[in-house]
Amino acid sequence: MDIIKPKLINHLLLRRKWNLDALPDKPRDHVVHMHWKNGLTGEAIKTPNCVVNIEQTGINDYWGMSNVHPINHILM
74 MDIIKPKLIN
84 HLLLRRKWNL
94 DALPDKPRDH
104 VVHMHWKNGL
114 TGEAIKTPNC
124 VVNIEQTGIN
134 DYWGMSNVHP
144 INHILM
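In the numbering used here, the protein residues as written are 74 to 149.
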């Protein structure tokens with residue numbers, strides 16, 4: 074229990090702070106999406122309370138994205 078409790082608290086705080094439950098409903102209009110054009114975000118069907126983000130690789134400008142935006146903007 075001592076190992077699980079801090080991890081669960083951290084997970085719940087992150088989930089609330091980033092409002093992960095509303096992520097699938099938000100538009101892809103963040104400036105990071107200029108570099109990361111294709112992607113699908115939605116709720117997982119088989120795993121409750123999980124968000125799935127699928128990205129199309131190949132055309133994403135990871136170098137430009139990581140050199141223009143701070144990592145905390147990319148992760149959001």
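Think of the CB as a built atom: it goes at the ideal place given N, C-alpha and C, for glycine as much as any other residue.
Residue j beta carbon less than 9 Å from that of residue i
i: Leu87; j: Leu93; result: yes
Continuous alpha helix (DSSP H) stretch holding residue i: start and end
i: Met138; result: Tyr135 to Val141
i: Ile77; result: Ile77 to Lys90
Contacting residues, own chain, Cβ-Cβ under 8 Å from residue i (five flanking each side not counted)
i: Pro100; result: none
i: Asp98; result: none
i: Thr120; result: none
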